[in-house]
Amino acid sequence: MLNDLKKMVQRMLSFSAIRQTRRKSTQIFTTIFGSSYLLSVPYHWVAFVNFMREQRAVMAGKKGYYQNLEGADRSNTLLRRNTHRLEKGLLMQPRRDVFAENYIVETVKTYVQTQQRFNERPDSVDVDELTWAHNVLAQYFTVVKPTKTIQKASDIFAAATYVPQETDAVPYQRSEPVELPSYDELLALSKHRRSVRWFLDKPVERELIDKALVVARQAPSACNRLPYEFRIFDKPELVSQIANTPFGTTGYADNIPVIAVLVGKLDSYFSARDRHAIYVDTSLAAMSFAFALETLGLSSCMINWPDFEPLERKMAKQLNLSMSERPVMLMAIGYPDPYAMVANSKKKSLDTIRSYNKT
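Note that the sequence shown covers residues 836 to 1194 in my numbering.
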């Protein structure tokens, strides 16, 4: 038995030595190749595998974007982007007499195609999106100077038959007083929200999750694309399967009543330059979602999702994700156990995270 113990200690020391050697060599290697742009190029030639999934996802997203233009999804990315661009032109100070001339025809044609799909199959189109596009276009044509191109677009729009029930989905003056929480109340909410890992064995009502998602979708999003989907799972067998996939849930995965996988959709973009927008927009929505859950008596825990190929393949298979769909993070959701502890998670000082006019 003593010999077995000695061998085990020797193996542990051996593993420790290997880890230390690997860490030291990695530090030296990255210090050398990270010292200049030219040296970083051959490094990425060797380490391209680490970025292969993102590269494939971006290309698949561009392919999906052009398929989306043909009406492959309920939401039309081009229509959303251009309608948002029109809104920005409408609210500009001072507003120009002529704007959007270079994309107004394609916008109206896309709108008409979407409206025709709605007439044929109402469930194949996001009605809120169609209504928003209609109302913004209608306002645009009432204020802009009718050049030849704009008049052509106006005639196409006038021939469309869609009549929305809602008419106020247009830019507006934000002057009406609204009762808002005070700064102290918002600060108290931000401090009360903690990453909760221990939940009561109690079902979570879908109505509450949906109410929180109504808040989440109000988060800012570049060109109002909302390039994400909240995949919610509340069936115990699916929750257990998915919650045990990431690294960070060890020890509490089987205590999670509901798990959400926040999936970014790269088919919302035609260019690789926007490949990081899915992470920005999804994270903004996630924070609003977390705050809203707290106001409804629920708590959550943000779960990191590393770009690690074996886990990427596993999650893609579990959720049947396309190549252009990328998990951004996971969120555990449930009624918090009032007797369980949470991490203090002391934040960095304001002086550490803030600077003014730093160059």
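Even glycine gets a Cβ: it sits at the ideal position worked out from N, Cα and C.
Residue i burial status per 10 Å Cβ neighbour count (16 or more: buried)
i	result
Met927	exposed
Pro1012	exposed
Glu1014	exposed
Trp880	exposed
Arg909	exposed
Gly1132	exposed
Asp1232	Here the chain comprises residues numbered 836 to 1194, so residue 1232 is not present and cannot be evaluated.
Tyr1018	exposed
Arg930	exposed
Leu914	buried
Tyr1007	exposed
Ile1188	exposed
Arg1060	buried
Ser851	exposed
Met1253	Only positions 836 to 1194 of the chain appear in this structure, which leaves residue 1253 out of reach.
Asn911	buried
Ile863	exposed
Tyr900	buried
Coarse secondary structure for residue i, derived from DSSP in three states
i	result
Ser1159	coil
Pro1092	coil
Asn1139	strand
Glu1144	helix
Val978	helix
Val1039	coil
Phe886	helix
Tyr997	coil
Met894	helix
Tyr1018	helix
Val943	helix
Phe1082	helix
Ala1004	coil
Val1098	strand
Tyr901	helix
Proximal residues to residue i (C-beta, below 7 Å), its chain only, five neighbours per side dropped
i	result
Thr1002	Asn970
Lys897	Phe1105
Trp967	Thr918 and Ala1004
Residues near residue i by beta carbon distance below 8 Å, same chain, minus five either side
i	result
Arg854	none
Pro981	Ser989
Asp1089	Ser1075, Ala1078 and Asn1079
Cys1058	Arg915, Arg916, His919 and Arg920
Inter-residue Cα distance where the pair is residue i and residue j
i	j	result
Tyr1174	Ala1151	36 Å
Arg1066	Val1163	11 Å
Ala1078	Asp932	54 Å
Ser860	Arg888	26 Å
Asp963	Gly906	16 Å
Arg799	Phe868	In this structure the chain extends from 836 to 1194, so residue 799 is not present and cannot be described.
Gly1086	Gln948	51 Å
Ser1134	Tyr1170	6 Å
Phe996	Ser959	The question names Phe, yet the displayed sequence has Thr at residue 996. Thr996 and Ser959: Cα-Cα distance of roughly 17 Å.
Asn937	Lys983	12 Å
His1027	Leu904	44 Å
Leu965	Tyr1063	19 Å
Thr856	Ala882	20 Å
Any non-hydrogen atom of the ligand GTP closer than 7 Å to residue i Cβ
i	result
Ala907	The ligand GTP is not part of this structure, which contains no ligands at all.
Contact set for residue i: own chain, Cβ-Cβ below 6 Å, skip 5 residues either direction
i	result
Ser1123	Val1050, Ala1051 and Ala1054
Phe992	Val943 and Leu972
Tyr878	Phe868
Pro1092	Phe1034, Val1039 and Gly1169
Check your understanding: Would you say the stretch 965–976 touches the stretch 911–925, given that touching needs at least three Cβ pairs under 8 Å?
Key -> yes
Check your understanding: Counting pairs of Cβ atoms below 8 Å between the stretch 1036–1053 and the stretch 1014–1022, do you hit three or more?
Key -> no
Check your understanding: Would the stretch 943–958 and the stretch 1090–1098 be scored as touching if the rule is three or more Cβ pairs under 8 Å?
Key -> no
Review point. Counting pairs of Cβ atoms below 8 Å between the stretch 873–882 and the stretch 1129–1139, do you hit three or more?
Key: no
Check your understanding: Okay, do the stretch 1070–1082 and the stretch 1146–1155 touch, 3+ Cβ pairs below 8 Å being the bar?
Key -> yes
Review point. Touch check for the stretch 933–942 and the stretch 982–990: three-plus C-beta pairs under 8 Å?
Key: yes
Exercise for review: Could you say if the stretch 1037–1054 and the stretch 1177–1190 meet the contact criterion of at least three C-beta pairs nearer than 8 Å?
Suggested key: no
Exercise for review: Give a yes or no on contact between the stretch 877–894 and the stretch 1155–1172, applying the rule of three or more CB pairs nearer than 8 Å.
Suggested key: yes
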